[in-house]
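The sequence shown maps to residues -6 to 327 in the working numbering.
All residues carry an ideal CB built from backbone N, CA and C; glycine is no exception.
For reference, the structure discussed in these notes is given below.
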Amino acid sequence: MTFVQFILLMCAVSVAVRLAPPIPERHRTTASAVVAIIFLFIAPAILSDYRLFQLSTVAIWAIVAMGLNMLSGFNGQISLGHGAFVLLGAYTTAILLDNKEQLGFIDSSPWPFWTTIFAAGIVGRLAGLVLGVPALRLTGPYLAIATLAFMISTPQVLRKYDGLTGGTQGLIIRQPRIPFGLKGELTNDQWMYLFCLAIAVLMLLVAWSVLRGPLGRAFVAVRDSEVAAAAMGINVARTKVIAFTISACYAGVAGSLLTMLVEVMTPDSVDILTSINFLTAIVIGGLASILGSVIGAAVLVFLPSDGPDLVEKLRFLPEELRRPGVIQGALVII
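Put into structure tokens, the structure is as follows:
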């Protein structure tokens, strides 16, 4: 089965479940999502390692997009600098897992790889708090410019402290080893894919529970009208800071997984264009939509790699329009 056939089959079955009459209406979306997740978990038995690497990247970018959607889609704060939080989370894991063991866990022993995910999330959240508090005075394009400035400055800071970050050369780590019970059953690519997918599903469930609760309703109320939200007793400043810190935490976790996936982290691993594309992803997938975050992340990964082959088949378009960049721009406008 080819990759396209696998995706089409997954979508077809998910849609069929979504439309199935025996399933109560309120449970259909959940059932459809569960079917899609089951398909993704059996993907290692069907797809090549290259496609699994791509899907691992989709899972990582989906985590960033979910966090950014909570901030921008549900809370109304625009950020173009989430790549900086990804970098901070990525370097947290790289520093803790690098071959030099710069910061030992206990008695200079290596850090368990899973603990660095928590550390990256905490670092991202603290950075979000540092940026989120002064950002309370900024709205709209002013906030977007401030976060973009944060993204521009972060790689420069990482290069400066080369004794800790490796400077321009960055840091190299070893990919987390396959658990003992799965050795011989999975390849490294399959293991990393399943690990990234599991973390992405966990973060999706956390986002879903947050947005369906009182905090999620506060996010939406502040987005729609700060004056009305304050009149209903919502602490607007605290709500906006919480949204910023949760979003930054998601980006930090994604950065940690990115380091484990690619095994090397440099200041240029996440650039300004990638940071801006995170916002593009949630616009394409749909603001205030968790599913849209996943769709946007998939577009972000597959459009550059598979886009050229796809648009070449659109012979009715002029040659200058048959480019992935043009297609991405058109999707944003639509």
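Put simply, of Ala87, Pro103, Leu80 the residue whose alpha carbon is nearest the alpha carbon of Gly121 is Leu80.
A straight line joining the alpha-carbon of Asn68 with that of Gly82 spans about 23 angstroms.
Pro311 and Gly322 have their C-alpha atoms some 16 angstroms from each other.
DSSP places Leu164 in the strand class (E or B) of the three-state scheme. Taken in chain order, the complete alpha helix (DSSP H) segments of 4 residues or longer contained in the region 97 to 156 are 106 to 125, 133 to 153. Within the same chain, Cβ atoms closer than 8 angstroms to the Cβ of Asp91 are found at Gly159, Leu164, Ile165, Ile166, the five residues on either side in sequence being excluded.
In this structure Leu45 touches Tyr186 by the C-beta definition: roughly 4 angstroms separates them, less than 8 angstroms.
Contact between the region 24 to 32 and the region 5 to 16 is present, with at least three C-beta pairs closer than 8 angstroms.
Your pair Leu293 and Asn62 does not check out as a contact, with CB atoms roughly 13 angstroms apart and the cut at 8 angstroms. For Val257, the pairing in a beta bridge is given by DSSP as Ile165. One Cα belongs to Arg21, the other to Tyr154, and the distance between them is close to 51 angstroms. Under the DSSP definition of a beta bridge, Lys176 partners with Leu179. Shortest Cα-Cα distance from Glu256 to any of Leu89, Val(-3), Ile16 involves Leu89. Taking 8 angstroms as the cut-off, the Cβ atoms of Ala214 and Ile53 do not count as close. Residue state for Asp299 is assigned as helix, using DSSP reduced to three classes. Ser282 has its alpha-carbon roughly 26 angstroms from the corresponding atom of Gly226. Counting only residues of its own chain and dropping the five nearest sequence neighbours on each side, Gly74 has a CB closer than 7 angstroms to the CB of Thr140, Leu141, Phe143, Met144, Ser268.
The straight-line gap separating the alpha-carbon atoms of Ile275 and Ala244 is approximately 14 angstroms. Across the set Leu250, Leu254, Val126, the C-alpha of Leu250 shows the shortest separation from the C-alpha of Val57. Between Cys242 and Gly60, the C-beta gap is smaller than 8 angstroms, which places the two residues in contact.
When C-alpha distances from Val123 are compared across Ile0, Ile239, Ala193, the shortest belongs to Ile239. In the three-state scheme derived from DSSP, where H, G and I count as helix and E and B as strand, Asp264 is classed as coil. At a Cβ-Cβ threshold of 8 angstroms, Met253 and Pro169 count as neighbours. If you draw a 10 Å sphere on the C-beta of Ala87, you find 16 or more other C-beta atoms in it, and that means buried.
Beta-bridge analysis with DSSP links Asp91 to Ile166. Burial of Trp184 is indicated by the presence of at least 16 other C-beta atoms within 10 angstroms of its C-beta. A residue is called buried once 16 or more other Cβ atoms fall within 10 Å of its Cβ, and Ser218, having fewer, is exposed.
Rounded to whole angstroms, Gly278 and Arg152 show a C-alpha spacing of 34 angstroms. Here the alpha carbons of Arg216 and Ala223 stand approximately 12 angstroms from one another. Along the region 206 to 258, the alpha helix (DSSP H) occurs as fully enclosed runs of 4 or more residues at 207 to 217, 219 to 224, 229 to 255, listed in sequence order. Taking the Cα positions, Thr232 is about 29 angstroms away from Val325.
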